[in-house]
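Here the structure is laid out as structure tokens; the discussion comes afterwards.
Protein chains: 4
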Amino acid sequence: MTARDVKKVVLAYSGGLDTSVILKWLQTEYGCEVVTFTADLGQGEELEPARKKAEMFGVKEIFVEDLRETFVKDFVFPMFRANTLYEGQYLLGTSIARPLIAQRQIEIAEMVGADAVAHGATGKGNDQVRFELGYYALKPDVKVIAPWREWDLTSRTKLLAFAEQNQIPVTKDKRGEAPFSVDANLLHSSSEGKILEDPAVAPDEIVFQRTISPEAAPDVATEITIDFHHGDPVALNGETLSPATLLTRLNKLGRDNGIGRLDLVENRFVGMKSRGIYETPGGTILLAAHRNMESITLDREAGHLKDSIMPRYAELIYNGFWFSPERRMLQALIDTSQHSVNGRVRLKLYKGNVICIGRESPNSLYDTRVVTFEEDEGAYNQIDAQGFIKLNALRLRLGGQIGRTGGAL
Amino acid sequence: MTARDVKKVVLAYSGGLDTSVILKWLQTEYGCEVVTFTADLGQGEELEPARKKAEMFGVKEIFVEDLRETFVKDFVFPMFRANTLYEGQYLLGTSIARPLIAQRQIEIAEMVGADAVAHGATGKGNDQVRFELGYYALKPDVKVIAPWREWDLTSRTKLLAFAEQNQIPVTKDKRGEAPFSVDANLLHSSSEGKILEDPAVAPDEIVFQRTISPEAAPDVATEITIDFHHGDPVALNGETLSPATLLTRLNKLGRDNGIGRLDLVENRFVGMKSRGIYETPGGTILLAAHRNMESITLDREAGHLKDSIMPRYAELIYNGFWFSPERRMLQALIDTSQHSVNGRVRLKLYKGNVICIGRESPNSLYDTRVVTFEEDEGAYNQIDAQGFIKLNALRLRLGGQIGRTGGAL
Amino acid sequence: MTARDVKKVVLAYSGGLDTSVILKWLQTEYGCEVVTFTADLGQGEELEPARKKAEMFGVKEIFVEDLRETFVKDFVFPMFRANTLYEGQYLLGTSIARPLIAQRQIEIAEMVGADAVAHGATGKGNDQVRFELGYYALKPDVKVIAPWREWDLTSRTKLLAFAEQNQIPVTKDKRGEAPFSVDANLLHSSSEGKILEDPAVAPDEIVFQRTISPEAAPDVATEITIDFHHGDPVALNGETLSPATLLTRLNKLGRDNGIGRLDLVENRFVGMKSRGIYETPGGTILLAAHRNMESITLDREAGHLKDSIMPRYAELIYNGFWFSPERRMLQALIDTSQHSVNGRVRLKLYKGNVICIGRESPNSLYDTRVVTFEEDEGAYNQIDAQGFIKLNALRLRLGGQIGRTGGAL
Amino acid sequence: MTARDVKKVVLAYSGGLDTSVILKWLQTEYGCEVVTFTADLGQGEELEPARKKAEMFGVKEIFVEDLRETFVKDFVFPMFRANTLYEGQYLLGTSIARPLIAQRQIEIAEMVGADAVAHGATGKGNDQVRFELGYYALKPDVKVIAPWREWDLTSRTKLLAFAEQNQIPVTKDKRGEAPFSVDANLLHSSSEGKILEDPAVAPDEIVFQRTISPEAAPDVATEITIDFHHGDPVALNGETLSPATLLTRLNKLGRDNGIGRLDLVENRFVGMKSRGIYETPGGTILLAAHRNMESITLDREAGHLKDSIMPRYAELIYNGFWFSPERRMLQALIDTSQHSVNGRVRLKLYKGNVICIGRESPNSLYDTRVVTFEEDEGAYNQIDAQGFIKLNALRLRLGGQIGRTGGAL
């Protein structure tokens, strides 16, 4: 990308030091008009200061938007329908937010007639991939500026020097290096880098921002109910809530009960292992609730099929392929399964634990008549089991008869 | 199966009321010689009373064996190499014990020249399938007697009457009906049936036999280390231990810290949903430890491949196909992956939580040089990310150019 | 099933000797009213004789229906969207017809107030499973009568004797045993059993009913075009045709060019291997055409995802789970992918070969600008490949650096 | 890569114009010592001219090696054990040769103390990826030179000019542009590019190099037998042959009978669709033979498991990940399955068709007693089918009872 190629760029702008430096750098290096886009995805920061700062830089088109409901309804909930876990553990809090930012950035670019977009993600991480795959999928001819891969502000010192030269205000706490890096939205906070780089060392308590520790949580459990409709949570303790409000409440409940911490070494799409500390209080509760809701409402093979494609679905989201044909196809499969995932789950929250204490559903497939140890009035004929076993065993027996006993090959 | 077909049968005999009735019933109905086989798989019961009882029934060939080490080494550990969870949650404690019992029963049948085997599993459950698939795979021409599917002792009253008529001693606590049914071995206890049949109602505290509740667990965390070699745990807190000893110790640690309870509605192979209360204290710790050990030693795609086949592997074990070609093939894949899964994991156990607080390995693939936010001395060239993204995006852009934006199909 | 349980039964009735015997046997053994259902699925037999025969047996409610269009449109085409092959080779011609028969039988049962259904499939085959899984899924309380598993007419002699005793007309060619058994519908014919049982011996030419041999086919190739819309064929040689008409025409083309024969040893759901001779002339052409249509219109990962789930989808259909949640979920995934599978494929048919000689589509993703060996005007930047490779290689290099060269584990 | 970084480079050298220009360019641009490596993988060209040319360029270390046996034994046969097809059709003839070249190149680099390797693949294709992933996996610190991505000889004219300036002999037929590009080895030839770029146009007959057309093939079929041992072919028509000899003979048979042509639009790893004309005469016969051998010797679930992972295995090889942990893991699974894949397959080759006319094996699982339509002496109890169906139907019936008929969700 050379400077003269770009006329107008939409920058994903947080208002913080780094993206402020990027804003200025774009104006000076690319000499192009910069449009800022600042979104509330529930990261817990004021947005108005970002608007003020953008104005200070002479930005004429400033977009500040609350996307929390869209985020939860169209991204978080669809993902939770699949009980999605990356590498068996990670609830994908960062990954799932990127496509929405990319989507909105491109929509704004179309609106304001911008030919480029820019983001503040570094060249080692997954986020650059997630942003840019989204950009390219949604607007194939867009120009993408990734300052961290381009500029020479490769050290904190240089960055601060640039800020100073350009009258970019640097708050005191930003003068020193942050001891680790943070990303947050309504689903989670992640912390990584620097003091967290050694996977042999546990994170200090100060790292955690969104949860108290299990140890600090109350000695008495909290009981809640969550109601589901078509696989999505719709009410908490009987109160119908909007998606973002519901997740906000669950976050509060999770925080207070020390729920949702994860210390993980994961594999990045760009090829290396990295270590992250994640806090997903509400999401952790939601996963447990959804699994339990499905446990009585979902057919066995429907559930097993979902489980078998989940790792791939998780990988797609982690790698940044939300806006891809294959993610859409898997989503169609997943969504088809959720029609009868309706009902209520009761949970006990206690010092890091999410314990299911009851599930009920108008669509329950759990049939006491059949399963009972008691007399079942003919709902199940035990003698059927013999034929079932005999035919399931037939191929194994035929193998055994010619010397391949025990399933030998 | 008609009576005159069978000459000698090996019965999986616990010494309890039910299998004692079966023993007698086999002797009278089939008029055949009965050989008993009683195994210690860590269920926590004395075996010698079973021997005495068998003698009382005139059994001449009595096998009483301690199989705990074999159980853990050749069945539990191989399964844990895959981070196996059935339906996302269940550690398969019952399922994994059945193949060993079946195997040993068949070996004994060969030894004593028996033409039949018998078990005490009911006609509604999975265990009959697991036993019998094992029998048939290992000895295709074996005759299988499943009394619960054959006899007319279909109520507790009839069973007790038969016991009385045949001078089978019934301990007082067995006179009334047990409020639920229990299975146990070194890996877990399960409780199900009767008072546990309603999935909307949480189990009473009395149901739990192998763990104290998180609430009752100590207020202070316990820290431990587990060492792995080729994917299997070999030492606890630095002390090298045999497989069964190690699992026994982990069980104690889990019990004391309220770890490993699961209240689950699962899908049986025979077709219905059932509800089980599982306690897998040591196994729950082991799963967390193994996942964390893999997180720094296993290649990304190796791990993802394992994750993608795991649901199928779990299903095979749950359904009783341990002795099958497909389980052996998957095991070959899994075992191949574990060569470098060596090192030490540190864990904190606290009121139901298993929290990783450190992992280290001589085979670690985690490379601080590459991942660092700091200067990386050229270990990673950020500019490579651009080409990586561009080519990953190419197909999406080509789609977008002909109107299929955002991954539309 | 005991006789007195059944009041009225809907029989899948072909009008042939076997189902005529069943008809009579149901009337006498079950003493119930029999309703006949005879469907034209393109098996190439007159249906009116079946009606006459049914009348002769005193049947009052006789259903004779032409289901060819429904069969192709709602069963064959959806299956072909997935390029479905069981065990890599079999186009599932028998399997895909069974669910429709079951469905219609149940609809008729509801209409006429029947409480039971009956079919003429034997106890060793897959068809009994396919029929009955369909019945049970569509009408869970239906009673199923499978005479071949129940009666004592276990030899040809007994069957003929029963026919004679009951004045069932036996045509001369049915007096002797057929040398093999045949099933046919618009998609295929299958031949199996008796003289075909030895997989070491090739089938005689007389076995083939629906195709001439490649040797006998013309020495000059026939060229055709097939047009697709949303993944389904809609026109042949430019002429828009209904589903059944189109398949009928393709069958003729295939027959004349010796296309679509398959000699297969397959694995039945009930546990044994069996050998079948299949002729699927039109279907074989259609598969080649569809694959080629997809090759230019389907995104890479969409195609790979389809390929990865196809074996499971094929297995479900083969095993009789058409009316199951998991088949519906997979169908949703597959159907989602077909939106842009539009265009025209040109094929050359020659002595058993189906050779693609051209594909074009308004939705083509094939982009000559990008792929060209010539100057591509910047559509693709070769230097991007370097970063792409470097990051794809990163994990392998990190492994190699610690001694795991060449992808060692 | 800058010139002064490299001291000694091993070049994959064919002796043709392009790699001769590369050789000279490396000497002049990088000023480094060049070692040439020329391998016979069955491409059907003389190697000695390459040696002479290398000498002419002053190369001191020249490696000319016949790798045909290694190629077939350690790469082709392992791949065929999986019945590998990329995108349902492609036998991966090019893909499977690249890892061997990379491996040998790296071994030579280690031997001669070279710090770099170079190849002649272009920046748009898959081969660059396959070579380089192999290099990096086997020698993580190797420097890779890909001249086509680096130099400015971006047109034929410039290339020829460079050749002229450097006294590189250009044979007359190379002066003009080749109408398409060819790759060949013992498994296949591929042709692509230029006149073949339009997928709507069939390739001219002159494109084919390794097969005659079905039309030109004899009017009389040729019958052959292939014997397998542990899944690999070991004899043709009863004559035991080395791997490369066997494949050479099969190629001749395939060529003469018009077998193994494929006109394919495929999806490249680097992101675009491309069109290739492939000829794999021997491989096409081998695939049919192996599938048929497995059909009587492989357990059903073993076969289905193989089929389910095959698309991923094919993708790995196509994408260049032969030397990866995941390919090794899948290979372990595949190889485990082949122990009993022994026996003989008879085939008829006729004008493009490969028709199985018989399979036999000492390890056959095909059991006439069980499958027969005749009296089976109790090998299979038809009544077992009832229980088998009932329990397979149970979950569908339970669904139907609460309104989810027909497998509705």
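Chains as they are written, first to last, in my numbering: chain R, 1 to 409; chain L, 410 to 818; chain Y, 819 to 1227; chain A, 1228 to 1636. Every residue, glycine too, gets a C-beta built ideally from N, C-alpha and C.
Exercise for review: Would you check if the distance between the CB atom of P720(L) and the CB atom of D227(R) is smaller than 7 Å?
Suggested key: Contact: no.
Review point. What is the DSSP secondary structure of N790(L), counted as helix, strand or coil?
Key: In this structure, N790(L) counts as coil in the three-state DSSP scheme.
Point to revise | S832(Y) to S973(Y) span [Cα, whole Å] | key: About 20 Å.
Point to revise | Residues near H748(L) in its chain [Cβ-Cβ closer than 7 Å; skip 5 each side] | key: Closer than 7 Å at the Cβ level, and outside the excluded window around H748(L), lie H639.
Check your understanding: When DSSP labels each residue in this structure, what does H1531(A) get in the three-state scheme?
Key -> Secondary structure of H1531(A) (DSSP, three-state): helix.
Check your understanding: Using the rule of at least 16 other Cβ atoms within 10 Å of the residue's Cβ for burial, across every protein chain shown, is P867(Y) buried or exposed?
Key -> Looking at its Cβ environment, which holds fewer than 16 other Cβ atoms inside 10 Å, P867(Y) is exposed.
Check your understanding: Going along the chain, which residues of the segment 1615-1632 of chain A sit with their C-beta nearer than 8 Å to a C-beta in chain L?
Key -> Only L1618, N1619, A1620, L1621, R1622, L1625 from the segment 1615-1632 of chain A bring a Cβ to less than 8 Å from some Cβ of chain L.
**Study point:** At least three beta-carbon pairs within less than 8 Å, the segment 945-959 of chain Y to the segment 1134-1143 of chain Y
**Key:** Counting Cβ pairs under 8 Å, three or more are found: they touch.
Exercise for review: Could you name the residues of the same chain whose beta carbon sits closer than 6 Å to that of N1185(A), not counting the 5 residues immediately before and after it, in chain order?
Suggested key: Nothing about residue 1185(A) can be read from this structure; chain A reaches only from 1228 to 1636.
Check your understanding: Taking 7 Å as the CB-CB cut-off, is T706(L) touching chain Y?
Key -> So no, T706(L) is outside the interface.
Practice item. Could you check what DSSP says for F1298(A) in three-state terms: helix, strand or coil? Key: Under the three-state reduction of DSSP output, F1298(A) falls in the helix class.
Practice item. Indicate whether at least one CB of chain A lies closer than 7 Å to the CB of A1020(Y). Key: When Cβ-Cβ separations below 7 Å define contact, A1020(Y) makes contact with chain A.
Check your understanding: By DSSP, does N1181(Y) sit in helix, in strand, or in coil?
Key -> DSSP places N1181(Y) in coil when its eight states are reduced to three.
Point to revise | Secondary structure, alpha helix (DSSP H): runs of 4+ residues fully inside the segment 1500-1527 of chain A | key: As for any alpha helix (DSSP H) of minimum length 4 sitting wholly inside the segment 1500-1527 of chain A, the runs are 1508-1524, ordered along the chain.
Practice item. Identify, in the order they occur along the chain, each residue of the same chain with its Cβ nearer than 7 Å to the Cβ of K1300(A), setting aside the five sequence neighbours on each side. Key: Residues of the same chain with a CB within less than 7 Å of the CB of K1300(A), apart from the 5 flanking positions on each side, are P1470 in chain order.
Review point. Listing by chain order, which chain R residues have their CB less than 9 Å from the CB of G1357(A)?
Key: Correcting the residue type first, residue 1357(A) is Arg in the shown sequence and not Gly. The contacting residues do not exist; R1357(A) stays about 18 Å from chain R at best.
Review point. Whose Cβ in chain L lies nearer than 8 Å to the Cβ of S1564(A)?
Key: Around S1564(A), the beta-carbon contacts reaching into chain L at under 8 Å are P734, M738.
Check your understanding: Do C356(R) and D672(L) have their CB atoms nearer than 7 Å?
Key -> Against a cut-off of 7 Å, the Cβ pair of D672(L) and C356(R) comes out as a contact.
Exercise for review: Mind checking which residues open and close the alpha helix (DSSP H) that includes V371(R)?
Suggested key: 368-371 is the span of the alpha helix (DSSP H), which, as asked, contains V371(R).
Check your understanding: Quick one: what's got a C-beta closer than 7 Å to N1110(Y)'s C-beta in the same chain, skipping five residues either side?
Key -> For N1110(Y), where only same-chain residues beyond five positions count, the Cβ hits under 7 Å are V1163, C1174, R1177.
Exercise for review: Report the residues of the segment 695-726 of chain L with a CB closer than 7 Å to any CB of chain R, ordered along the chain.
Suggested key: Along the segment 695-726 of chain L, the positions whose C-beta sits under 7 Å from a C-beta of chain R are R700, S704, I705, R709, G712, H713, D716, S717, P720, R721, E724, read in chain order.
Practice item. Give the residues of chain L in contact with A955(Y), contact being defined as C-beta atoms less than 8 Å apart. Key: Within chain L, no residue comes near A955(Y); the closest Cβ sits about 13 Å away, beyond 8 Å.
Review point. Are the C-beta of Q1200(Y) and some C-beta of chain A separated by less than 7 Å?
Key: Cβ-Cβ to chain A under 7 Å: yes for Q1200(Y).
Review point. Any C-beta of chain Y sitting closer than 7 Å to the C-beta of G271(R)?
Key: Yes, because at least one Cβ of chain Y sits closer than 7 Å to the Cβ of G271(R).
Check your understanding: If you run the structure through DSSP and keep just helix, strand and coil, what is A1329(A)?
Key -> The answer is helix: DSSP assigns A1329(A) an H, G or I state.
Exercise for review: Helix, strand or coil for A527(L), going by three-state DSSP, please let me know.
Suggested key: Taken through DSSP and simplified to helix, strand or coil, A527(L) comes out as strand.
Exercise for review: Tell me whether A1444(A) sits in a helix, a strand or coil according to DSSP, three-state version.
Suggested key: Residue state, collapsed to three classes: coil.
Exercise for review: Starting from the Cα of Q618(L), find the closest Cα among G663(L), E586(L), L656(L), S746(L) and give me that residue.
Suggested key: If we check each option's Cα against that of Q618(L), G663(L) comes out closest.
Review point. Taking only beta-carbon atoms, is L1636(A) less than 7 Å away from chain R?
Key: By the rule that beta-carbons nearer than 7 Å mark a contact, L1636(A) touches chain R.
Review point. What is the rounded straight-line gap between the Cα of A955(Y) and the Cα of V947(Y)?
Key: Rounded to the nearest whole angstrom, the C-alpha separation of A955(Y) and V947(Y) is 12 Å.
Check your understanding: Name the chain R residues whose beta carbon is nearer than 9 Å to that of K661(L)?
Key -> Simply none; closest approach about 20 Å.
Check your understanding: G1570(A) lies in the beta strand (DSSP E); which residues open and close that run?
Key -> Under the DSSP assignment, G1570(A) falls in the beta strand (DSSP E) whose first and last residues are 1570-1577.
Point to revise | Contact set for T854(Y): own chain, Cβ-Cβ below 6 Å, skip 5 residues either direction | key: Cβ-Cβ distances below 6 Å link T854(Y) to L829, Y831, A872, V877, I880 in the same chain, with the five nearest sequence neighbours on each side left out; the list follows chain order.
Point to revise | Selection of the segment 355-376 of chain R by Cβ proximity to chain A, strictly under 8 Å | key: Flagged, chain order: N363, S364, L365, D367, V370.
Exercise for review: Note the first and the last residue of the continuous alpha helix (DSSP H) segment covering E457(L).
Suggested key: Element bounds for E457(L): 457-465.
Review point. Would the beta-carbon of A1324(A) fall within 7 Å of that of L1268(A)?
Key: In contact: A1324(A) and L1268(A) (Cβ atoms closer than 7 Å).
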